[in-house]
Amino acid sequence: MTSNSITPPVLQRCYHCDEPITSGLQFKLEILGEQRNLCCAGCEAVAKIIVENDLTDYYQHRTQAAKKSDIVPLSLQTLQLYDHQDIQADFVSENEQHYKEISLSIDGVSCAACAWLIEKQVKKHTGVITIEVNITTQRALLVWNDSSVKLSSLLMVIHQLGYKAAPFEPDKQEQHYQYTMRHYLYKLGVAGIATMQVMMFAVALYFDVLDDPNNNFGHYLRWVSLLVATPVLLYSALPFYRNAWRNIKALTLGMDVPVSIALLFAYGASLYATITKQGEVYFESISMFTFFLLLGRFLEMRARRHAAAMSANLLKLIPAMATLVSGKQVAAKTLKISDVVTVFPGEYLPADGIIVQGSTTIDESMLTGESVAVKRTINDTVFAGTINGDNNINVKVIHNRKDALISNIVRLQDHALYSKPQIALVADNVARYFVGAILVIAISTWFYWNTNQPQDALWITLAVLVATCPCALSLATPTAITCSTSMLGKRGLLVRRSHVLETLCKVNHVILDKTGTLTKGNVELVATKNFSKYSTADILLYAAELERYSNHPIATMFRPYQSKKALFDKVENIIGQGLIGTIEQQYWRIGKYEFVTHGQSPLSDSQLSTNIEDYSIWLSCNKNIIAAFKIEDPLRDDSQQLVDAFKQQGMKVTMLTGDCSINAKRVAQQLNIAHFHVNMTPENKLDYLQKIPPNDVSLMIGDGVNDAPILAGAHLSIALSSGTDIAKSSADIVLLGDQLQPILTARQLALRTRNIIHQNLVWALSYNLIILPLAVAGLVAPYIAVIGMSTSSIIVVSNSLRLLR
Numbered sequence: 001m002t003s004n005s006i007t008p009p010v011l012q013r014c015y016h017c018d019e020p021i022t023s024g025l026q027f028k029l030e031i032l033g034e035q036r037n038l039c040c041a042g043c044e045a046v047a048k049i050i051v052e053n054d055l056t057d058y059y060q061h062r063t064q065a066a067k068k069s070d071i072v073p074l075s076l077q078t079l080q081l082y083d084h085q086d087i088q089a090d091f092v093s094e095n096e097q098h099y100k101e102i103s104l105s106i107d108g109v110s111c112a113a114c115a116w117l118i119e120k121q122v123k124k125h126t127g128v129i130t131i132e133v134n135i136t137t138q139r140a141l142l143v144w145n146d147s148s149v150k151l152s153s154l155l156m157v158i159h160q161l162g163y164k165a166a167p168f169e170p171d172k173q174e175q176h177y178q179y180t181m182r183h184y185l186y187k188l189g190v191a192g193i194a195t196m197q198v199m200m201f202a203v204a205l206y207f208d209v210l211d212d213p214n215n216n217f218g219h220y221l222r223w224v225s226l227l228v229a230t231p232v233l234l235y236s237a238l239p240f241y242r243n244a245w246r247n248i249k250a251l252t253l254g255m256d257v258p259v260s261i262a263l264l265f266a267y268g269a270s271l272y273a274t275i276t277k278q279g280e281v282y283f284e285s286i287s288m289f290t291f292f293l294l295l296g297r298f299l300e301m302r303a304r305r306h307a308a309a310m311s312a313n314l315l316k317l318i319p320a321m322a323t324l325v326s327g328k329q330v331a332a333k334t335l336k337i338s339d340v341v342t343v344f345p346g347e348y349l350p351a352d353g354i355i356v357q358g359s360t361t362i363d364e365s366m367l368t369g370e371s372v373a374v375k376r377t378i379n380d381t382v383f384a385g386t387i388n389g390d391n392n393i394n395v396k397v398i399h400n401r402k403d404a405l406i407s408n409i410v411r412l413q414d415h416a417l418y419s420k421p422q423i424a425l426v427a428d429n430v431a432r433y434f435v436g437a438i439l440v441i442a443i444s445t446w447f448y449w450n451t452n453q454p455q456d457a458l459w460i461t462l463a464v465l466v467a468t469c470p471c472a473l474s475l476a477t478p479t480a481i482t483c484s485t486s487m488l489g490k491r492g493l494l495v496r497r498s499h500v501l502e503t504l505c506k507v508n509h510v511i512l513d514k515t516g517t518l519t520k521g522n523v524e525l526v527a528t529k530n531f532s533k534y535s536t537a538d539i540l541l542y543a544a545e546l547e548r549y550s551n552h553p554i555a556t557m558f559r560p561y562q563s564k565k566a567l568f569d570k571v572e573n574i575i576g577q578g579l580i581g582t583i584e585q586q587y588w589r590i591g592k593y594e595f596v597t598h599g600q601s602p603l604s605d606s607q608l609s610t611n612i613e614d615y616s617i618w619l620s621c622n623k624n625i626i627a628a629f630k631i632e633d634p635l636r637d638d639s640q641q642l643v644d645a646f647k648q649q650g651m652k653v654t655m656l657t658g659d660c661s662i663n664a665k666r667v668a669q670q671l672n673i674a675h676f677h678v679n680m681t682p683e684n685k686l687d688y689l690q691k692i693p694p695n696d697v698s699l700m701i702g703d704g705v706n707d708a709p710i711l712a713g714a715h716l717s718i719a720l721s722s723g724t725d726i727a728k729s730s731a732d733i734v735l736l737g738d739q740l741q742p743i744l745t746a747r748q749l750a751l752r753t754r755n756i757i758h759q760n761l762v763w764a765l766s767y768n769l770i771i772l773p774l775a776v777a778g779l780v781a782p783y784i785a786v787i788g789m790s791t792s793s794i795i796v797v798s799n800s801l802r803l804l805r
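Going by our numbering, the letters in the sequence shown line up with residues 1 to 805, in that order.
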C-alpha cells in the first residue's frame, strides 16, 4: 500500500530581516560571497548600503535578525549599524578616561563656519565629551560617553545639519574624494561652456551693437542668455547654496552665504529685466562668477587634499591581504592576536608582531624617517606598514589593526590636527563676524548707489559681496598647521598636542635627561667590585633578578644574568633610587649608594679606599654592602650637534640626571654643558622646573619613568620612542627614531610655520582691507571680484604647501 504525501514548499526567509519572502518576489544581493534572498526593496537597499560601506561584519556577528526595514527610516537604520559592538571594533577606540573616540570623514565641510556649526550642535548633546572638526582634512574627532548617548544619534545630528558623516577609512575617503572632484569637474564644465556662450551674446549688448529700439534681436539674445545661464545657477552653483542653507538653518553665517545671495539676486534682477524689457542683465557675470568660484574651489580642494594626505596615507601602507603560515590568503584586517603570518621579501608587514622564525632587515622609514634598514631577528618586534627586506620571516600577531602602532600614530596625529591652536580660533572668530559685517556693508552700499546711481547699484553690491568673502582668512592657519604636522610625522616626530608648533618657536631653555637621551642607553658593565663572600656569578644573578622588575636602560645590562624563573618573592621599584627585594627573609637592595646603605657608610676602613663615585650601582643585603658595579654608557653620535645647535640659537641648556656625579660630570664636559644637576629624583627634577624664571619657556627631552613628571610639567616635552610608555604618554612629542637631529628639524619647521601663518594672515587681511573700499566705490567689476577672491584663497593654500617641501 502506498501513500501519496505532498512535500510542502520550502519557505524562503529574508537574509536581512528573517521575514518570509512572498512568492514571486525576486530581490537578491551578494553578501559574504553568496547570493542572498531578500524580502523587499527596503531590505535590499539597507543590505546594499551595508555591503557598499564594508560593514558585512554585521551579518557575521549579529545575534538576531534586523527589524523590518520600513519601521525605521532608511538613513537612521543605516546609522544604527554603527552601534553594533563588533562593527565598532574596527574603528572605535577607547581613551585613557575610558570614553569612546572615533575619527569621522565629513562630506560638505568647506569653511570655518561649517566646522563651528557641527561642533556647536553636536556638543549640545548629553554624553558628548568633545568634537573637533578639521576643515583641511574634512575629518572630525568625536569623543563621547557610550553609556549616555549612542554613536548613531550623534551621526544623525550631523546628517540633519546637511553633512554626511561616516567612520574614516582611507580607501573610502579616497573614493569619495575622486567622486567629489569628478562632479566638480562636471559643474565646472557646464559653467565654463555657458560662460563662453553668454559672453559672446554679452559683447553685442555691452557695446550697444543692437541699440536700435525697434530691433528685437537684442531682446532675443537676452532670452537665449537666460536659457544658457539657468543651468549654471541651478546645477553648477549647487554646492554654494547647500552650504549657505546649512548655515542659515543653524542661524549662523558662512562663507557661501554672501556668495549665494549675490548669485540669486543677480539672476533675479536679470530675469526681471528680461521679462519686462527694462534694466540691465548680468547673465554673463553669473556664469563667469560661478565658473571662477568653482575653479578656485576645485584647485583649493586639490591643494588641501595634498596637505591632508600624508598622515592618512600611512594607513594605506598596511596591505589588504596577508599570508598565514599555512599558506592561506586572508584579509589583513581580519588577522587576530596570536595568528602567525609569513612575510616575503619586499612585502609590507600586515600587522604588528614578533618574529618567531627567520631574520631579516626591515625598512622602518615610514615610522622613523630614517632610511637605513634595521636588522630584526627572532623575538624582535616588527610593525605593520614596514617593509621586509632580505628573507622570509614568520611573524606572530600581537595587535589587531586598530591597536597597531601605525594606527596609533595616525590617531595621535589626528588629535594634534583637530585641536586648534589659539591663533586658529581667533582667525575663525574673525572670519565668522567678518561675514556679518560684509552683509551689512553690502546692504548699505546698495542703498547708497540705488539713491545716487541706480543703474550701477546691483553690480557694485555684487562685487562687494564676492570680493570681500573671507575664505582666505579661514584657511590661513589650518592648512599651514596640517602641512607642518604631516611633515613632522614624515621626519619621525609624532605630535600629540595642538600647541607644539606655537610653543616650539618660543622655547629658550632646554632641559635634557642623560641616560638614554644624550647617551645611547646601551649601558655596559665595565667592572664588578666584590665586598662579600658571594661569588661574582651569584652577585650578578641577584642583581639581575632585582633589575628584572625595571625597564631602565641599566636593567637591560643585567638581563643576560637572569635565571629562567623569578628569584625574589617580592620586589618594589623606588623610582629614581633603586629596587628592594625579599627572599628567605633577606632584604636586598640595588641602586644608588645612599639608597642601598640607608644613608650610612657600612664599609670598613680598608674598603673605604674604593672611590664611591667611580661606581654607579651598588648592591646590599640586610644593609651590608655586597658589591658595586662600574658602568659606561656611550654618547649618541648627534648629542654634540644637538647641544651646540641649541646654544647657537641662544638657548640655555641644562642636564638633569639621576646618575652619580662622576658619570654626569664626564658627559657634561664632553658636551660642554655648563649647567647640570646630579642624583636627581623625579621630585627633584619637577622642583627644579618649577623654580626656573617665569620668562623661561622650557623644553624637556627625556625617556625614563623618572622623567614623566617633568615631561608633563614642562611647557613643551619630547620623549624618545625607546623610552617608557609613561614617559611617552606624558610628552607632547614622541621621537620615533634613534636620531636626535629631527628635534632640530622640528624647531626649524615650527619657525617656518609661524612665518607662513603670519604671511597668510597678513595677505588675507590686507586683501580684504584693500578690496573692500574699492568694491564699495564701484571700482571693481563683479568678474574681477570673483577672480580676486578665488586667487586669494589659492595663494594662501599654495603658500602653506611650501611647508611640504
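Using N, Cα and C, we set each Cβ at its ideal position, and we do this for glycine too. On a predicted model such as this, the values are computed, not experimentally measured, just so you know.
- Annotated three-state conformation of Glu683 is helix, per DSSP.
- Excluding its 5 nearest sequence neighbours in each direction, Val510 has C-beta neighbours in its own chain below 6 Å: Phe646, Met651, Val653 and Leu699, listed in chain order.
- Sequence-distant partners of Val523 (beyond 5 residues in either direction) whose C-beta falls short of 6 Å from its own C-beta, in its chain, are Pro553, Ile554, Met557, Ile631 and Asp633.
- Just measuring C-alpha positions, the residue of Gln178, Ala229 and Arg302 sitting nearest Ile193 is Ala229.
- Counting along the chain, the unbroken beta strand (DSSP E) around Gly591 starts and ends at Gln586 to Gly591.
- Annotation: the continuous beta strand (DSSP E) that includes Phe629 extends over Asn624 to Glu632.
- Residue environment analysis places Met680 among the buried positions, since at least 16 neighbouring C-beta atoms fall within 10 angstroms of its C-beta.
- Within the same chain, and ignoring the five residues on either side of Ile539 in sequence, the residues whose Cβ sits closer than 7 Å to its Cβ are Thr528, Asn530, Leu619, Ile626 and Ala627.
- Listed in chain order, the alpha helix (DSSP H) elements of length 4 or more contained wholly in the stretch 206–288 are 217–231, 238–249 and 256–276.
- Between Asn379 and Lys396, the alpha-carbon positions lie close to 10 Å from each other.
- DSSP lists Ile387 as the beta-bridge partner residues of Asp363.
- Distance from the CA of Ser800 to the CA of Met301, rounded to the nearest whole angstrom, comes to 13 Å.
- In chain order, Ala480, Asn799, Ser800, Arg802 and Leu803 place their CB closer than 8 Å to the CB of Ile756, counting only its own chain and leaving out the 5 sequence neighbours on each side.
- Per DSSP, the beta bridge partners of Phe27 are Leu38.
- Listed in chain order, the alpha helix (DSSP H) runs fully inside the stretch 513–552 are 536–547, counting runs of at least 4 residues.
- Taking the Cβ atoms as the reference, Phe240 lies roughly 7 Å from Leu263, within the contact range of under 8 Å.
- Counting C-beta pairs closer than 8 Å gives three or more between the stretch 533–552 and the stretch 566–585, which meets the contact rule.
- Listed in chain order, the non-local C-beta contacts of Gly162 below 6 Å within the same chain comprise Arg246, local neighbours out to five positions each way being set aside.
- Nearest neighbour of Leu462 by Cα position, chosen from Thr377, Gln97, Met288 and Ser474, turns out to be Met288.
- Between the beta-carbon of Leu635 and that of Leu518 there is about 6 Å, and that keeps the pair under the 8 Å contact cut.
- Leaving aside the five residues that flank Thr582 on each side, the residues in its chain whose CB is nearer than 7 Å to its CB run, in chain order, Phe568, Asp569 and Lys570.
- Taking a cut-off of 8 Å for Cβ pairs, the stretch 115–124 and the stretch 150–162 touch, as three or more such pairs fall below it.
- Approximately 4 Å separates the beta-carbon atoms of Lys685 and Ile710; this is inside 8 Å, confirming the contact.
- Residue state for Gln329 is assigned as strand, using DSSP reduced to three classes.
- Counting along the chain, Arg754 sits inside the alpha helix (DSSP H) bounded by residues Gln741 to Val776.
- Cys621: not part of any alpha helix (DSSP H); member of the beta strand (DSSP E) spanning Ile617 to Cys621, first to last residue.
- In the structure shown, Thr485 adopts helical secondary structure according to DSSP, grouped into three states.
- Here DSSP, grouped into helix, strand and coil, assigns Leu635 to strand.
- Taken through DSSP and simplified to helix, strand or coil, Val133 comes out as strand.
- Across the structure, Ala566 and Val340 are spaced so that their CA atoms are roughly 29 Å apart.
- Pro258 sits away from Cys114, with the two beta carbons spaced by 7 Å or more.
- When the five nearest sequence neighbours on each side are left out, the beta carbons in the same chain lying within less than 7 Å of the beta carbon of Gln670 are those of Leu635, in order along the chain.
- Residues Asp256, Val257 and Ser260 of the same chain have their beta carbon placed closer than 6 Å to that of Ala244, with the five preceding and five following residues left out of the count.
- Leu761 has its alpha-carbon roughly 35 Å from the corresponding atom of Met196.
- For the pair of segments examined, the stretch 91–108 was found to touch the stretch 136–153: the number of CB pairs separated by less than 8 Å reaches three.
- Secondary structure note for Leu493: its beta strand (DSSP E) is the uninterrupted segment Leu493 to Val495.
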